[in-house]
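Residue numbers (my numbering): 2 to 514. We put the CB at the ideal spot given by N, CA and C, even for glycine.
If you want it as structure tokens, here you go:
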């Protein structure tokens with residue numbers, strides 16, 4: 002529970018879309034306080050966002066707690082105090098109403114702040130949706146399947162909700178949140194699988210996704226800008242003790258070891274000799290396999306040389322956090338040796354955590370390889386130095402694992418995953434309740450569409466607390482709009498842990514091993 006909560010906190014601190022936007026932190030217990038040790042390529046902005054978010058969550062938790070206490074107040078049962086009882090009841094009701102208004106203001110402010118902080122990321126995904134939906138509509142409309150009509154109409158309505166301006170970002174994200182819980186997402190997933198099979202049949206490059214995958218992924222990413230902040234608010238009371246004593250500190254990004262310089266041994270035969278035992282007959286077979294692969298779209302040798310020329314390695318944020326705790330012997334919160342990250346870790350970071358003597362919890366990983374990954378620099382690296390020996394042994398273990406993986410791929414014992422983005426879609430592929438699509442009602446003001454909020458009928462009782470909270474604030478983001486019914490894109494409860502099982506994740510670089 003705490004890991005999921007903290008991962009969501011890290012998530013809302015990422016403001017841009019791309020491989021270089023990453024937030025990682027862990028919590029240290031220091032002198033009775035909880036220190037959030039934060040690492041990021043944009044540390045100042047992330048620190049401000051994290052501090053403000055923690056403050057808002059504490060305020061919300063206190064407001065919710067006060068409301069709960071007022072509800073449990075019981076007046077005296079004696080008849081002689083009827084007037085007092087009624088007065089107390091009225092005052093309690095008034096206080097609860099005031100707290101409700103305060104809660105709504107906090108929710109509005111928090112959602113707006115989270116989306117505003119990520120406006121560049123939100124804008125990029127909105128443009129992805131706007132670019133890909135017309136292609137989806139065209140493909141589905143060309144199929145002789147009358148059942149597609151409702152889904153095509155649903156896509157058109159979503160396209161109408163895409164407003165790439167700061168005033169429309171909140172409404173757009175809410176519309177995508179509704180869509181993420183709908184039967185439309187199941188349809189997009191089915192079409193995505195058919196599209197991928199067609200790509201395989203046509204022998205297209207595996208480094209691309211079709212229109213259905215892009216739409217489904219972008220909907221999930223935009224929906225998460227509503228879903229995750231709501232989960233943070235709903236569970237703030239459970240984390241109140243930690244959040245109230247929180248202090249955020251930016252840790253220094255670890256300097257990176259320099260990139261190895263190519264020499265006379267940086268050749269295909271020399272590399273293969275280091276990968277296989279001496280006089281192993283498989284060396285020749287491996288060389289031929291790589292030459293054969295070079296004739297396909299994968300072109301591993303060309304890619305290797307391109308990476309060699311362009312690579313500028315740096316230490317990833319989660320590794321910096323790990324090394325900070327290890328260097329200063331900090332005590333992890335309740336002994337949980339876990340680093341909370343805004344995105345799953347890359348393949349190399351996963352191996353670094355697995356082999357490190359700190360005995361860390363190995364993070365979730367999307368399994369992709371970044372050529373610009375680099376280990377921390379050890380100053381004055383030399384023999385019989387404890388830090389130097391530790392780093393050497395660690396990198397030997399990582400290199401051996403990578404070599405074994407490469408050999409398994411060459412012989413087909415381990416098929417690399419197809420290309421996928423680095424961030425999860427955040428939408429479960431489990432079967433959902435399919436109730437179809439209802440008409441979406443949109444209020445228009447001039448050229449501006451107003452996205453509306455769903456009534457309780459769109460949620461099974463108790464099935465989606467975040468949905469109920471969103472409905473509770475009603476038309477808070479557009480008080481001047483009329484009370485109208487929202488999108489009929491209805492669906493199922495979306496659990497945050499579904500993120501980790503979803504393989505379809507940000508076209509932010511990296512490659513399958």
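Rounded C-alpha distance that separates residue i from residue j
{"i": "residue 439", "j": "residue 217", "result": "For residue 439, the pLDDT reaches just 27, beneath the cut-off of 50, and the residue's location in the model is therefore unreliable, leaving the point undetermined."}
{"i": "residue 52", "j": "residue 34", "result": "15 Å"}
{"i": "residue 101", "j": "residue 256", "result": "49 Å"}
{"i": "residue 253", "j": "residue 127", "result": "34 Å"}
{"i": "residue 201", "j": "residue 194", "result": "11 Å"}
{"i": "residue 377", "j": "residue 308", "result": "20 Å"}
{"i": "residue 167", "j": "residue 139", "result": "29 Å"}
{"i": "residue 39", "j": "residue 23", "result": "11 Å"}
{"i": "residue 162", "j": "residue 130", "result": "11 Å"}
{"i": "residue 121", "j": "residue 42", "result": "16 Å"}
{"i": "residue 270", "j": "residue 382", "result": "29 Å"}
{"i": "residue 334", "j": "residue 235", "result": "22 Å"}
{"i": "residue 283", "j": "residue 411", "result": "11 Å"}
{"i": "residue 118", "j": "residue 16", "result": "6 Å"}
{"i": "residue 331", "j": "residue 292", "result": "49 Å"}
{"i": "residue 184", "j": "residue 149", "result": "12 Å"}
{"i": "residue 31", "j": "residue 5", "result": "22 Å"}
{"i": "residue 477", "j": "residue 229", "result": "Because residue 477 sits at a pLDDT of 44, beneath the cut-off of 50, its placement in the model cannot be relied upon, and the following sentence gives the value as read from the coordinates. Looking at the two C-alpha atoms, the distance is approximately 18 Å."}
{"i": "residue 395", "j": "residue 356", "result": "6 Å"}
{"i": "residue 246", "j": "residue 59", "result": "10 Å"}
{"i": "residue 215", "j": "residue 281", "result": "44 Å"}
{"i": "residue 56", "j": "residue 186", "result": "35 Å"}
{"i": "residue 73", "j": "residue 3", "result": "Because residue 73 carries a pLDDT of 47, less than 50, the predicted location of this residue cannot be relied on, and the following value inherits that uncertainty. In a straight line, the C-alpha of residue 73 is about 28 Å away from that of residue 3."}
{"i": "residue 346", "j": "residue 259", "result": "22 Å"}
{"i": "residue 114", "j": "residue 50", "result": "9 Å"}
{"i": "residue 397", "j": "residue 302", "result": "23 Å"}
{"i": "residue 227", "j": "residue 109", "result": "11 Å"}
Top-ranked residue by Cα proximity to residue i, from the options
{"i": "residue 373", "options": "117, 349 and 155", "result": "349"}
{"i": "residue 409", "options": "345, 277 and 356", "result": "277"}
{"i": "residue 375", "options": "385, 44 and 399", "result": "399"}
{"i": "residue 310", "options": "191, 114, 267 and 60", "result": "267"}
{"i": "residue 36", "options": "242, 146 and 112", "result": "242"}
{"i": "residue 210", "options": "329, 368, 137 and 288", "result": "137"}
{"i": "residue 45", "options": "63, 14 and 62", "result": "14"}
{"i": "residue 324", "options": "171, 338 and 146", "result": "338"}
{"i": "residue 369", "options": "351, 12 and 380", "result": "351"}
One or two residues paired with residue i in a DSSP bridge
{"i": "residue 25", "result": "40 and 342"}
{"i": "residue 17", "result": "DSSP lists no partner for residue 17."}
{"i": "residue 366", "result": "346"}
{"i": "residue 35", "result": "30 and 247"}
{"i": "residue 257", "result": "377"}
{"i": "residue 315", "result": "374"}
{"i": "residue 382", "result": "None; residue 382 has no bridge partner."}
{"i": "residue 333", "result": "29"}
Supposed contact pair residue j and residue i - C-beta distance, whole angstroms, cut 8 Å
{"i": "residue 48", "j": "residue 322", "result": "Contact doesn't hold; Cβ gap of about 14 Å is too wide."}
{"i": "residue 174", "j": "residue 251", "result": "Incorrect: roughly 28 Å between the Cβ atoms, too far for contact."}
{"i": "residue 29", "j": "residue 354", "result": "Actually they do not touch by this definition, with Cβ atoms about 17 Å apart."}
{"i": "residue 10", "j": "residue 232", "result": "About 10 Å separates the two Cβ atoms, so there is no contact after all."}
{"i": "residue 526", "j": "residue 27", "result": "As shown, the chain starts at 2 and ends at 514. That puts residue 526 outside it, with no answer to give."}
{"i": "residue 25", "j": "residue 318", "result": "4 Å"}
{"i": "residue 224", "j": "residue 178", "result": "4 Å"}
{"i": "residue 364", "j": "residue 342", "result": "6 Å"}
Mind listing, in chain order, the continuous alpha helix (DSSP H) runs of no fewer than 4 residues lying wholly within the stretch 167-218? Considered as a whole, the stretch 167-218 harbours 167-181 and 184-202 as its complete alpha helix (DSSP H) runs of no fewer than 4 residues, in chain order.
Please give the ranges of any alpha helix (DSSP H) in the stretch 93-170, keeping only runs that are unbroken, at least 4 residues long and fully inside the region. Complete alpha helix (DSSP H) runs here, min 4: 120-142 and 149-162.
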